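Reviewing the structure listed below.
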Amino acid sequence: EEEEEEEEEEEEEGDYTQADLNKLKVGDLKAIAANKGLSNVGTKAALIARILAGENEKEEVKEEKPKPAPAPKKEKKAAASSSSSSSSSSSSSGGGGPKPDRELSGRDNYIVWKELAVKLNQTNLGGGDNNNKYYILQMLKKGNTFHVWTRWGRVGESGQNKMLGPYHDEDAAFAAFKKKFKDKTSNHWENKHNFKKVKGKYQLVETEDGDGGDDDSPLGRLSKAQIEKGQEVLAQIDVAIKNKRPRGVLEELSSTFFSLIPTNFGRARPPPILTEEVLHSKEELLKFYLRMGFEDMEEEEGLSPISGVMEREVPKTLKNAAQMLCAGSEITNCVTKGADLRNKNAGSPAKSMSADLYASILLYTSNAIYRDLNSSLRSENRNAVRRYYDYLRLLFEAMNSLPKKNVTLWRGISVDLYDQYKVGDTITWWGVSSCTSDESVARNFMNGCGGNCSLLIVDTKTATDISEITFYSNEKESLLAPGTQLKVLKSERKGKVSEIRLEEVGRCVG
């Protein structure tokens with residue numbers, strides 16, 4: 002049974018706003034400081050800052066002022082000239098620094114002040130715990146006032162938030178920011194570069210600047226250094242598994258890993274890493290993060306979304322190619338059926354096909370990945386497609402092993418393509434494109450659409466007949482590989498149906 006847990010902000014009785022304190026005399030401020038156990042020596046401004054921050058001057062920590070804002074970079078000529086009107090203060094929204102949190106209402110009116118923004122995370126699995134929570138802390142400026150923004154909750158959820166301030170004094174806001182950081186981590190801000198995780202407190206998480214936040218990386222794109230810290234913990238887990246250490250040790254190490262690498266488990270208790278199979282999946286996930294986020298992208302300008310796929314080594318198994326794309330059970334089912342198809346020599350391949358090659362086609366037809374795969378391919382965004390490269394390499398190998406068909410195929414589409422497909426134009430289909438050799442299948446699909454639609458008649462040269470391989474053999478399905486180029490020969494409207502004839506004229510890959 003899952004444990005419901007939420008981070009709670011601490012509220013001290015007698016909390017004061019800066020406006021409250023400004024109205025008081027020095028003697029009153031000294032009394033308040035003394036009651037809070039703070040030093041009551043100093044000027045009025047110093048006393049107010051100390052009370053708001055709740056910090057004692059006697060802490061043996063060297064004071065550190067926020068680092069100066071970097072000089073703004075010159076915009077490229079192509080950039081809008083209005084950039085010159087941006088604030089002279091350090092701002093993230095106009096550059097590469099951290100942005101105000103996405104859940105902050107009216108965030109365009111704020112800037113992150115001098116890059117004072119951190120993301121924290123904490124996962125606890127020991128003793129049946131179910132903690133998997135984050136904490137976001139930012140020092141902001143709006144006009145002439147300063148603010149400290151906090152947001153906290155379960156990883157993957159918007160959570161709760163609170164804005165401290167306004168502060169009319171930068172030092173007071175910075176002191177409040179530092180106090181909150183120390184409360185949550187038991188580390189002094191001045192020592193953040195030598196951060197030490199304290200049991201029961203938050204872990205500091207380094208991310209690349211920007212909003213970020215998806216299922217794979219819910220607090221944003223992790224920095225290379227952060228990913229490498231996660232890899233170090235996985236190496237420790239590997240040793241622990243091989244040495245058959247107690248479950249409690251593995252739960253503790255798993256807590257450390259998930260604190261470093263935020264992972265969205267919903268409300269379910271995060272599962273500890275107890276087996277080599279699970280360990281391997283996490284290792285591959287971090288390798289994928291590094292491939293996705295830290296390769297040199299400059300030389301890739303102008304390349305197609307799948308350029309370079311065929312130069313990759315063919316993955317030995319479907320598991321190696323797709324374990325980060327879908328559930329392991331989907332892969333197992335496909336490989337099991339693939340072994341049966343291999344024994345039958347299904348599809349009469351031109352060269353021998355392994356169970357995993359058959360399985361790569363089955364995985365596509367099983368509907369486990371095709372929607373996201375084709376959406377990524379059609380976006381023509383290499384970053385979006387990158388996670389599929391290993392799978393695509395295996396799929397291309399499987400399709401190239403089967404006979405190429407010079408046949409006419411049909412495809413029913415639930416949208417009207419008449420205005421997009423002009424006679425004489427050459428269209429590139431970046432998705433894995435399913436067609437049928439049975440015209441009635443395509444027409445029956447269109448009849449069920451209800452509105453305007455299109456019937457594509459495709460004269461192909463490299464179609465791959467998978468009618469003996471797909472889970473849906475009654476559809477007489479054939480595939481066209483990503484990057485297939487088609488010339489529009491004829492286009493006409495017949496009532497609600499646009500009939501468009503296409504001729505295959507090339508392929509970008511393979």
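Using the working numbering, count along the sequence shown one by one with no gaps and you end on 511. Think of the CB as a built atom: it goes at the ideal place given N, C-alpha and C, for glycine as much as any other residue. Quantities reported herein were computed from a predicted structural model and do not represent experimental measurements.
{"query": "Contact belief for Val543 with Val510 at Cβ below 8 Å, rounded distance in angstroms", "result": "In the structure as shown, the chain begins at 2 and stops at 511. Residue 543 is therefore absent and cannot be evaluated."}
{"query": "Integer-rounded CB distance, given that Thr461 should sit under 8 Å from Gln375", "result": "Before going further, note that residue 375 is Asn rather than Gln in the sequence given. Incorrect: roughly 18 Å between the Cβ atoms, too far for contact."}
{"query": "Local conformation of Leu165 per DSSP, three classes", "result": "strand"}
{"query": "Reduced DSSP secondary structure (H/G/I, E/B, other) of Ala369", "result": "coil"}
{"query": "Beta-carbon spacing of Glu284, Leu235 below 8 Å", "result": "yes"}
{"query": "Candidates His169, Gly231, Asn23, Pro316: closest to Asp391 by CA position", "result": "Pro316"}
{"query": "Endpoints, the beta strand (DSSP E) within which Arg383 is located", "result": "First-last for Arg383: 383-386, but that is the alpha helix (DSSP H), not the beta strand (DSSP E)."}
{"query": "Buried versus exposed, by CB contacts within 10 Å (16 or more), Pro247", "result": "exposed"}
{"query": "With 16 other Cβ atoms within 10 Å as the buried cut-off, status of Lys59", "result": "Here Lys59 scores only 34 on pLDDT, less than 50, and its place in the model should not be relied on; the value that follows carries that caveat. Exposed."}
{"query": "Candidates Asp357, Asn321, Cys454, Met140: closest to Ala173 by CA position", "result": "Met140"}
{"query": "Glu252 (DSSP reduced to helix, strand or coil)", "result": "helix"}
{"query": "Simplified DSSP assignment, three categories, for Glu301", "result": "Annotation note: pLDDT 37 at Glu301 (below 50); position unreliable, coordinate value reported separately. Note: Glu301 maps to helix in three-state DSSP."}
{"query": "The beta strand (DSSP E) enclosing Leu457, as first and last residue numbers", "result": "454-460"}
{"query": "C-alpha gap between Arg383 and Ile307, whole angstroms", "result": "7 Å"}
{"query": "Counterpart residues of Trp150 in DSSP-defined beta bridges", "result": "Gln139, Met164"}
{"query": "Burial state of Val433, where buried means 16 or more other Cβ atoms lie within 10 Å", "result": "buried"}
{"query": "Residue closest to Ala385, alpha-carbon to alpha-carbon, out of Val119, Phe258, Ala369, Leu326", "result": "Leu326"}
{"query": "Cα-Cα separation, Asp239 to Pro273", "result": "13 Å"}
{"query": "Backbone CA spacing between Ala340 and Trp431 [nearest angstrom]", "result": "29 Å"}
{"query": "Backbone CA spacing between Glu505 and Asn321 [nearest angstrom]", "result": "32 Å"}
{"query": "Under 8 Å between C-beta atoms of Trp411 and Leu363", "result": "no"}
{"query": "Residues that DSSP places opposite Glu505 in a beta bridge", "result": "Leu487"}
{"query": "Residue of Arg313, Asn133, Lys193 minimising C-alpha distance to Ala269", "result": "Asn133"}
{"query": "Selected residue, minimal CA-CA separation from Gly144, among Trp114, Trp150, Val424", "result": "Trp114"}
{"query": "8 Å Cβ cutoff met for His169 and Gln19", "result": "yes"}
{"query": "CA-to-CA distance, Glu398 to Ser483, given in whole angstroms", "result": "In the sequence on display, residue 483 carries Pro and not Ser. Distance between the alpha carbons of Pro483 and Glu398 is about 13 Å."}
{"query": "Of the listed residues Asn401, Asn131, Asn23, nearest to Ser256 (C-alpha basis)", "result": "Asn131"}
{"query": "Nearest-angstrom beta carbon gap, Ser159 and Glu233 [assumed within contact, 8 Å]", "result": "Not quite, the Cβ-Cβ distance comes to about 31 Å (not below 8 Å), so this is no contact."}
{"query": "Residue from Lys142, Ser492, Gly413, Tyr365 with nearest C-alpha to Glu440", "result": "Gly413"}
{"query": "Under 8 Å between C-beta atoms of Thr485 and Lys405", "result": "no"}
{"query": "Cβ neighbour criterion (16 or more within 10 Å) applied to Glu277", "result": "exposed"}
{"query": "Burial state of Ala241, where buried means 16 or more other Cβ atoms lie within 10 Å", "result": "buried"}
{"query": "Alpha-carbon spacing of Thr186 relative to Asn122, whole angstroms", "result": "10 Å"}
{"query": "One or two residues paired with Arg108 in a DSSP bridge", "result": "The partner list for Arg108 (beta bridge, DSSP) is empty, contrary to what the question assumes."}
{"query": "Whole-number beta carbon distance between Ser435 and Glu500, since they are thought to touch under 8 Å", "result": "Between Ser435 and Glu500 the Cβ distance is about 19 Å, and since that is not below 8 Å, they are no contact."}
{"query": "Val234, DSSP secondary structure in three states", "result": "helix"}
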